[in-house]
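Chemist: In my numbering, the protein residues as written are 18 to 186.
This is how it looks when you write it as structure tokens:
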């Protein structure tokens with residue numbers, strides 16, 4: 018499995034290199050891209066694959082290559098409160114990176130993992146959304162597995178919708 022992952026990474030690296038070479042072509046100069054699912058808190062940007070360190074952190078290199086390939090905006094997609102905090106710290110330094118705020122279905126257990134209640138978790142999430150409203154644009158809120166975490170979804174939906182009137186004005 019590790020060998021196939023390395024092959025996949027090599028193919029991706031070749032594709033990125035090819036896209037970088039297109040940076041000066043006529044077609045590439047007239048196109049710009051918006052990456053709508055940038056998982057910038059993934060361990061691979063810290064050089065970690067399958068729990069093992071393989072290289073030094075390279076997020077800055079990824080951002081540079083994206084810029085060279087005319088990726089003008091990015092939407093980072095953290096899946097939890099802890100990832101949201103990390104993502105916002107990085108996004109503050111990059112005016113072209115925006116962030117979703119929500120709870121990915123695979124992270125529902127984090128609502129109560131540290132001993133706090135789901136209500137406390139949501140209050141902290143909502144506070145971050147309000148504090149960073151110029152960076153946060155959307156969030157995961159409707160893919161929760163039934164019936165296991167329906168209670169969390171029902172709490173999150175009103176919290177996520179609290180500013181809909183502000184957005185629609």
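Backbone N, C-alpha and C fix where the C-beta goes; we use that ideal spot for every residue, glycine too.
1) Using the three-state DSSP reduction, which class does residue 61 fall into: helix, strand or coil?
2) Which runs of the alpha helix (DSSP H), 4 residues or longer, sit entirely within the stretch 107 to 146?
3) Taking DSSP as the reference, what is the three-state secondary structure of residue 102?
4) Buried or exposed: which applies to residue 112, given that a residue is buried once 16 or more other Cβ atoms fall within 10 Å of its Cβ?
5) Which partner residues of residue 90 appear in the DSSP bridge assignment?
6) Measure the Cβ-Cβ separation of residue 94 and residue 117 and say whether it is below 7 Å.
7) Suppose the cutoff is 7 Å on Cβ atoms and the five residues either side in sequence are ignored; what does the same chain contact list for residue 55 look like?
8) Relative to the C-alpha of residue 70, which residue among 79, 60, 147 is closest?
9) Hey, could you find the ends of the alpha helix (DSSP H) residue 97 is sitting in?
10) Can you tell me whether residue 48 is buried or exposed, with buried defined as 16 or more other CB within 10 angstroms of its CB?
11) Less than 8 Å between the CB atoms is what I'm expecting for residue 58 and residue 100, so what's the real figure, rounded?
12) Can you tell me the Cα-Cα spacing of residue 96 and residue 142, whole angstroms?
13) Compute the Euclidean distance between the alpha carbons of residue 52 and residue 114, then round it to the nearest angstrom.
14) Quick check on the DSSP output: the alpha helix (DSSP H) that includes residue 71 runs from which residue to which?
Modeler: This is what the structure holds:
1) Working through the chain shown from its first residue, we reach residue 61 at position 44. In the structure shown, residue 61 sits in a helix (DSSP, three-state: H, G or I).
2) none
3) The residue labelled residue 102 in the question sits at position 85 within the chain shown. Helix at residue 102.
4) The residue labelled residue 112 in the question sits at position 95 within the chain shown. Classification for residue 112: exposed.
5) Numbered from its first residue, the chain shown carries residue 90 at position 73. Bridge partners of residue 90: 51.
6) Taking the first residue of the chain shown as 1, we reach residue 94 at position 77. Taking the first residue of the chain shown as 1, we reach residue 117 at position 100. In this structure, residue 117 lies closer than 7 Å to residue 94 by Cβ.
7) Looking up residue 55 in the chain shown gives position 38. These residues qualify, in order along the chain: 91, 92, 93, 94.
8) Residue mapping note: residue 70 aligns to position 53 of the chain shown, counting from 1. The shortest Cα separation from residue 70 among 79, 60, 147 belongs to 60.
9) Your numbering for residue 97 matches position 80 in the chain shown. From DSSP, residue 97 is part of no alpha helix (DSSP H); its letter is neither H nor E.
10) The residue labelled residue 48 in the question sits at position 31 within the chain shown. Residue 48 is exposed by the Cβ-count criterion.
11) On the chain shown, residue 58 is found 41 positions in, with the first residue counted as 1. On the chain shown, residue 100 is found 83 positions in, with the first residue counted as 1. The pair is a contact, with the Cβ atoms about 4 Å apart (cut-off 8 Å).
12) The residue you call residue 96 lines up with position 79 of the chain shown. The residue you call residue 142 lines up with position 125 of the chain shown. Whole-angstrom Cα-Cα distance: 12 Å.
13) Looking up residue 52 in the chain shown gives position 35. Looking up residue 114 in the chain shown gives position 97. The alpha-carbon atoms of residue 52 and residue 114 are separated by roughly 9 Å.
14) Numbered from 1 along the chain shown, position 54 holds the residue referred to as residue 71. Per DSSP, residue 71 belongs to no alpha helix (DSSP H) and is neither H nor E.
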